[in-house]
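J.:
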Amino acid sequence: ISALFSHLTEKFQHIQLLKIFGTENYEKERFYETATRVADEATRMGRYVFLIRPLSEVAVAFMIFLLVAVFRRSLAFSSWLAIPAMVTYFLIFFRLFDQASLSMTFVSSMFQSLEPFKAYEKLRAAAQGAVLRGGAKTIDRFTKAITFQKVSFQYEPERPVLREVSFEIARGSFVAVVGPTGVGKTTIAHLLAGLYFPTTGKILVDGIDLADLDLPAWRKKIGYVSQDVMIMNDTAKNNIRYGSFAASDDEVLAAATEAHIHEFLLGLPLGYETILGERGVKLSGGQRQRLAIARALLRHPEIIILDEATSALDTETETLVQQALLNNQRTHTIVAIAHRLSTVSRADTIIVLKNGQIMESGNHADLLARNGFYNYMLNLQ
1 ISALFSHLTE
11 KFQHIQLLKI
21 FGTENYEKER
31 FYETATRVAD
41 EATRMGRYVF
51 LIRPLSEVAV
61 AFMIFLLVAV
71 FRRSLAFSSW
81 LAIPAMVTYF
91 LIFFRLFDQA
101 SLSMTFVSSM
111 FQSLEPFKAY
121 EKLRAAAQGA
131 VLRGGAKTID
141 RFTKAITFQK
151 VSFQYEPERP
161 VLREVSFEIA
171 RGSFVAVVGP
181 TGVGKTTIAH
191 LLAGLYFPTT
201 GKILVDGIDL
211 ADLDLPAWRK
221 KIGYVSQDVM
231 IMNDTAKNNI
241 RYGSFAASDD
251 EVLAAATEAH
261 IHEFLLGLPL
271 GYETILGERG
281 VKLSGGQRQR
291 LAIARALLRH
301 PEIIILDEAT
311 SALDTETETL
321 VQQALLNNQR
331 THTIVAIAHR
341 LSTVSRADTI
351 IVLKNGQIME
361 SGNHADLLAR
371 NGFYNYMLNL
381 Q
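In terms of the numbering used here, the sequence shown has 37 at position 37, counting the first letter as 1, and numbering is strictly consecutive.
#1: Just list the residues that DSSP pairs A176 with in beta bridges.
#2: For I275 and A255, which I take to be in contact (beta-carbon distance under 8 angstroms), what is that distance rounded to the nearest angstrom?
#3: If we call anything under 7 angstroms between Cβ atoms a contact, is L17 one with M230?
#4: Compute the Euclidean distance between the alpha carbons of Q322 and K19, then round it to the nearest angstrom.
#5: Should the segment 333 to 348 be called in touch with the segment 170 to 177, which here means at least 3 C-beta pairs below 8 angstroms?
#6: Does Y374 have its Cβ less than 7 angstroms from a Cβ in chain D?
#7: Which residues bound the alpha helix (DSSP H) around R295?
#8: Put A386 into one of helix, strand or coil per three-state DSSP.
#9: Apply the 10 Å Cβ neighbour rule to K221 and answer buried if 16 or more other Cβ atoms are within range, or exposed otherwise.
#10: Just to confirm the assignment, what range does the alpha helix (DSSP H) spanning K150 have?
#11: Would you call the segment 310 to 324 and the segment 277 to 289 touching, i.e. three or more CB-CB distances under 8 angstroms?
#12: Anyone know if the C-beta pair for K150 and G207 falls short of 7 angstroms?
#13: Please list, in chain order, all residues of the same chain as M104 whose beta carbon is under 6 angstroms from its beta carbon, the five residues on each side excluded.
#14: If you draw a straight line from the C-alpha of E29 to the C-alpha of G372, how long is it?
#15: Among residues of its own chain, excluding the 5 on either side of H364, which ones have a beta-carbon nearer than 8 angstroms to its beta-carbon?
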């Protein structure tokens, strides 16, 4: 049960990715299948427990009887008459004590077993309360731009994270969002993926309010890679295929090659069939990130959101991965959330945030020439 709850907790920790990849129903079915197996195993073990306990009681009683019989010859007849009463009282006491102990143990284990499911119901209720419904409109593909119009957002009342942010992401462009920790960079990524709606303002996709779009259909157009990568205790191939379950082996290999993880995976003991371990313990941080990039590319997304997605890569690998993404810029629009400014120097537009507001924007050369906050952050690094 603890393993089941651990698995469930991990999925809730990555609930944003599950929503973006559209795997909520898949994970729900997996949970119920696993929970059913756990319940069946618990029932089977329970049968053994309730069978063994009565047999052990009989065995103990028989041993007591034998013990008394062994000493029978050495006892006086008058003493022997008292023995049956003594044994009877002893067995009654043993029976009552043992049954009470068994009942308490069973009740205690029952309540302990229910704790994970109580926690699951709390998490489920919280998740249901946060579901965004969106609208019914769909678009085959966005052809012009995504526009943030005076977007403000707050997770808690009176504590705004973003303050009237306005900018445009043109189709086929590479847009970077940079700034200190806690200024709302990841919030912009979540808003773009339809995980939250703006508190005020609008996000328009070719002039259509994102809140009016069918959100699951919109998210299918997005490949999202976060710094905190979700790796399942499954094969490398299935990890890449997660969320794109119909993809062929050739497509998986092509995505891995583009993410520069193919050669590494071939070198594993079983290649793409190697089990990666719980949370990818057999992989380095950079390898996990490249695998997540391959997973995103396998979706053939229109928009790739990189949320500190290359922070664990060395400079050479980062350059290769970035070049691979830029080579497909005709079909991919790239939005990169970054703290390390060297990763965004090739962006068409760099949006610089401070205190939830846009301080300045432009390409790398323009921002350097202005000698503003971007240049200040660059010098700090």
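We treat Cβ as the ideally placed atom computed from N, Cα and C, and that holds for glycine.
T.: By the coordinates alone:
#1: To locate residue 176, count along the sequence shown from 1; it is residue 176. Bridge partners of A176: A336, I350.
#2: The count along the sequence shown starts at 1 and reaches residue 275 at position 275. The count along the sequence shown starts at 1 and reaches residue 255 at position 255. Rounded, the Cβ-Cβ distance is 20 angstroms, inconsistent with contact.
#3: Translated into the one-based positions of the sequence shown, residue 17 becomes position 17. Translated into the one-based positions of the sequence shown, residue 230 becomes position 230. Contact: yes.
#4: Numbered from its first residue, the sequence shown carries residue 322 at position 322. Numbered from its first residue, the sequence shown carries residue 19 at position 19. Q322 and K19 have their C-alpha atoms spaced approximately 25 angstroms apart.
#5: yes
#6: No chain D is part of this structure, which consists of one protein chain only.
#7: For the purposes of this step, residue 295 is taken as the residue at position 295 of the sequence shown. 285 to 298 is the extent of the alpha helix (DSSP H) around R295.
#8: This structure cannot settle anything about residue 386, because the visible part of the chain is limited to 1 through 381.
#9: Along the sequence shown, read from residue 1 onward, the residue named residue 221 stands at position 221. So K221 ends up on the buried side.
#10: For the purposes of this step, residue 150 is identified with residue 150 of the sequence shown, where counting begins at 1. Where K150 is concerned, there is no enclosing alpha helix (DSSP H), although the beta strand (DSSP E) it sits in stretches over 145 to 156.
#11: yes
#12: Numbered from its first residue, the sequence shown carries residue 150 at position 150. Numbered from its first residue, the sequence shown carries residue 207 at position 207. Result no, Cβ atoms of K150 and G207 do not sit closer than 7 angstroms.
#13: Within the sequence shown, residue 104 is the residue found at index 104, counting from 1. Its pLDDT being 49, under 50, M104 is placed unreliably by the model, and the measurement read from it follows with that caveat. Result list for M104: empty, nothing under 6 angstroms.
#14: Stepping through the sequence shown from its first residue, residue 29 is reached at position 29. Stepping through the sequence shown from its first residue, residue 372 is reached at position 372. Cα-Cα distance, rounded: 52 angstroms.
#15: Translated into the one-based positions of the sequence shown, residue 364 becomes position 364. V344, S345, R346, A347, I350, listed in sequence order.
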